[in-house]
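Here's the structure, in structure tokens; my notes come after.
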Amino acid sequence: MATLKQLKTFIAVADYKKMSEAAKKLYISQPTVSQSISDLEEEYQTQLFKRFSKELKITPAGLLLLNHAREIVSIHEQLEQSMKNINALRPLRIGATLTIGNTLMGTLVETLNHKFPDIDVTVFVENTKIIEHRMIHNELDIAIVEGIIVRQEIITKPVLEDSLCIICGKEHPFTTRTSISMEDLRYQNFIMREKGSGTRSIFENIMLTHHIPFVIKWECSSRCAIVDAVRHNLGLGILSQRCVKEYVEKGDIFTCPVEGVSMKRYFYLCHNQNHPMNSQMQDFADLIMTMSS
548 MATLKQLKTF IAVADYKKMS EAAKKLYISQ PTVSQSISDL EEEYQTQLFK RFSKELKITP
608 AGLLLLNHAR EIVSIHEQLE QSMKNINALR PLRIGATLTI GNTLMGTLVE TLNHKFPDID
668 VTVFVENTKI IEHRMIHNEL DIAIVEGIIV RQEIITKPVL EDSLCIICGK EHPFTTRTSI
728 SMEDLRYQNF IMREKGSGTR SIFENIMLTH HIPFVIKWEC SSRCAIVDAV RHNLGLGILS
788 QRCVKEYVEK GDIFTCPVEG VSMKRYFYLC HNQNHPMNSQ MQDFADLIMT MSS
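Going left to right, the sequence shown walks through residues 548 to 840 as our numbering numbers them.
Printed below as a string of structure tokens:
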């Protein structure tokens, strides 16, 4: 029967596609990694990887083992964590994408701390792509994201409605318009979120669907930096209405409604199906659902 150490080694090889890279990440020798994979293949009488010159490619049998291995390792880590904290706090690692981190997480965690003082919350804020990666590697328990999750292992549920909006500075010609058309956006300069952002992906899909080319002049992950660039009339921006509300109310920037185009979207609550739902994850999920009802 496969040992926990063998399964962790196997997962590392599957993730990094090279035994040398897996060895570096695990701080063990490459021959040790190679022997672990050979032992597993002998144990199950099947090939787990096809060997190529530049990288390894996992086989269908390897994929089957990988799914079970991730689940076993996750359960073991949860057991270790639970036993260490059996008489203490309930740890909860929450991931949030940047829009949610900028507008909602403070309120959510404050409410969670008030209702469940025994939950020890750690928050990680990044874009959707990185949050997804951390969930796959069991670095997060649960997350709220604005973008689309690709990996099938991650269960997603729409929980909160949101809407994107195009913003411009005081000197931009759009400030005198009550609305604009998609054609008005053709070849406009934009201050955009970074690649991997759910906000950016949704906007790019809208522009692609309507065959509207545009120019990216800035890329950044900071809401404040985007607003400041827009305020100085360096281009248009695209952000959640939640992110720009205070700036619009102060008259620093203006929103530009687009005729006939819906920019509504959802925030998604998600967790890895290989990570069993514990009590603190459920308490957090229940809190989100009360907010959306």
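Each residue gets a CB set at the ideal place from its N, CA and C atoms; glycine is no exception.
Model, not experiment: these values are computed from the prediction.
| message | For the alpha helix (DSSP H) containing residue 583, name the first residue and the last one. | response | As a working note, residue 583 is residue 36 in the sequence shown. From DSSP, the alpha helix (DSSP H) with residue 583 extends over 577-591.
| query | Which residues bound the beta strand (DSSP E) around residue 689? | reply | In the sequence shown, residue 689 corresponds to position 142, counting from 1. Start and end: 689-692.
| query | Across which residues does DSSP place residue 714 in a beta bridge pair? | reply | Residue numbering aside, residue 714 sits at position 167 when the sequence shown is read from its first letter. Answer by DSSP bridge pairing, in chain order: 784, 802.
| query | Would the beta-carbon of residue 812 fall within 8 angstroms of that of residue 693? | reply | Here the question's residue 812 lines up with position 265 in the sequence shown. Here the question's residue 693 lines up with position 146 in the sequence shown. Yes; because the gap between Cβ atoms is below 8 angstroms, this pair is in contact.
| query | Taking the C-alpha atoms as reference points, what is the distance between residue 786 and residue 715? | reply | Here residue 786 is taken as the residue at index 239 of the sequence shown, counted from 1. Here residue 715 is taken as the residue at index 168 of the sequence shown, counted from 1. Residue 715 has its alpha-carbon roughly 11 angstroms from the corresponding atom of residue 786.
| request: Would you mind working out which of 725, 751, 723 sits nearest residue 733, comparing C-alpha positions? | output: For the purposes of this step, residue 733 is identified with residue 186 of the sequence shown, where counting begins at 1. Closest option to residue 733, Cα to Cα, is 751.
| query | Should residue 656 be labelled buried (16 or more other beta-carbon atoms within 10 Å of its own) or exposed? | reply | Here the question's residue 656 lines up with position 109 in the sequence shown. Its Cβ being crowded by 16 or more others within 10 Å, residue 656 is buried.
| Integer-rounded CB distance, given that residue 643 should sit under 8 angstroms from residue 605 | In the sequence shown, residue 605 corresponds to position 58, counting from 1. In the sequence shown, residue 643 corresponds to position 96, counting from 1. In fact, because the Cβ distance is near 31 angstroms, the residues do not count as touching under 8 angstroms.
| query | Does DSSP put residue 819 in a helix, a strand or coil? | reply | As a position in the sequence shown, residue 819 is number 272, starting the count at 1. In the three-state reduction of the DSSP assignment, residue 819 falls in the strand class, which pools E and B.
| task | Specify the secondary structure class of residue 794 as computed by DSSP and reduced to three states. | result | Reading the sequence shown from its first residue, position 247 is the one you call residue 794. DSSP places residue 794 in helix when its eight states are reduced to three.
| For the putative contact between residue 707 and residue 831, defined by C-beta atoms under 8 angstroms, what is the C-beta separation to the nearest angstrom? | In the sequence shown, the residue the question calls residue 707 occupies position 160. In the sequence shown, the residue the question calls residue 831 occupies position 284. Residue 707 to residue 831, Cβ: 14 angstroms. No contact.
| message | Across the region 569-577 and the region 604-621, are there enough close Cβ pairs to call them in contact, namely three or more that are closer than 8 angstroms? | response | By the C-beta criterion, the region 569-577 is judged not to be in contact with the region 604-621, since fewer than 3 inter-stretch pairs fall below 8 angstroms.
| Cβ pair count under 8 angstroms reaching 3, the region 793-808 against the region 663-675 | Contact between the region 793-808 and the region 663-675 is absent: fewer than three C-beta pairs spanning the two stretches fall below 8 angstroms.
| Residue range of the unbroken beta strand (DSSP E) whose run includes residue 639 | On the sequence shown, residue 639 is found 92 positions in, with the first residue counted as 1. 637-643 is the extent of the beta strand (DSSP E) around residue 639.
| In terms of residue numbering, what span does the alpha helix (DSSP H) encompassing residue 778 cover? | For the purposes of this step, residue 778 is taken as the residue at position 231 of the sequence shown. Counting along the chain, the alpha helix (DSSP H) containing residue 778 begins and ends at 770-778.
| field | Backbone CA spacing between residue 625 and residue 619 [nearest angstrom] | value | Taking the sequence shown and counting its residues from 1, one reaches residue 625 at position 78. Taking the sequence shown and counting its residues from 1, one reaches residue 619 at position 72. Approximately 10 angstroms between the Cα atoms of the pair.
| said: Could you compute how far the alpha carbon of residue 704 sits from the alpha carbon of residue 599? | reply: Taking the first residue of the sequence shown as 1, we reach residue 704 at position 157. Taking the first residue of the sequence shown as 1, we reach residue 599 at position 52. A straight-line Cα-Cα distance of about 39 angstroms links residue 704 and residue 599.
| request: Jot down the residue ranges of each uninterrupted beta strand (DSSP E) in the region 708-758, minimum 3 residues, whole runs only, in chain order. | output: For the region 708-758, whole beta strand (DSSP E) runs of length 3 or above, ordered along the chain, are 736-739.
| Starting from residue 603 and walking both ways along the alpha helix (DSSP H), at which residues does that stretch end? | Within the sequence shown, numbered from 1, the residue matching residue 603 stands at position 56. Element bounds for residue 603: not the alpha helix (DSSP H) but the beta strand (DSSP E), 603-605.
| field | Range of the contiguous alpha helix (DSSP H) that encloses residue 679 | value | The sequence position of residue 679 within the sequence shown is 132, counting from 1. Membership of residue 679 in the alpha helix (DSSP H) is indicated by the continuous run 675-683.
| DSSP three-state call for residue 766: helix, strand or coil? | Counted from its first residue, the sequence shown places residue 766 at position 219. Assignment of residue 766 by DSSP, reduced to helix, strand and coil, places it in the strand class.
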